[in-house]
Amino acid sequence: MVPMAHPKGYWEVCVYKDAFKDHWGEIVTQVAPEELEPLSEQVHVPLASISGSCKGAAASWSTVEKECLVIVETCKRLEEADIFQVYCLGGLKPLPTLPGIELTTSGRGSVR
42 MVPMAHPKGY WEVCVYKDAF KDHWGEIVTQ VAPEELEPLS EQVHVPLASI SGSCKGAAAS
102 WSTVEKECLV IVETCKRLEE ADIFQVYCLG GLKPLPTLPG IELTTSGRGS VR
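All the letters of the sequence shown, read from the start, carry residue numbers 42 to 153 under this note's numbering.
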């Protein structure tokens, strides 16, 4: 993890992630509440950059499962990530079950 700035408690935290065949990456930014819209004009302040490799059993996971792995790794590595919410595009969809992740129907999750 590469820390870039100090988090501001009242700013919105944004997570941009990607996972592919052998690797995953993510950048965590923060945006002042008054800059949330429109998207094209937002000024993001980088908080952290995280990346890793899909090794062992994770190497054979689907892309969706690897995307969930990115969320888990973020929560493990960032001290400020006490609670996170997971939203699926296109309506409510079941999320894959991964070791160490507990998700509820409300979309709130925790990492054990």
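Note that beta-carbon positions come from the ideal geometry of N, C-alpha and C, so glycine has one too.
Can you grab the Cα-Cα spacing for the pair residue i / residue j, in whole Å?
| i | j | result |
| --- | --- | --- |
| V54 | T70 | 6 Å |
| V105 | P79 | 28 Å |
| K107 | V113 | 10 Å |
| L119 | K49 | 14 Å |
| S92 | S101 | 18 Å |
| A98 | Y57 | 24 Å |
| K117 | L77 | 26 Å |
| K62 | S81 | 30 Å |
| K96 | S103 | 13 Å |
| T115 | C109 | 10 Å |
Please say whether residue j and residue i have beta carbons closer to each other than 8 Å?
| i | j | result |
| --- | --- | --- |
| A46 | P87 | yes |
| W52 | V84 | no |
| H64 | S90 | no |
| E67 | V111 | yes |
DSSP three-state call for residue i: helix, strand or coil?
| i | result |
| --- | --- |
| L77 | coil |
| C116 | helix |
| C55 | strand |
| A98 | helix |
| V84 | coil |
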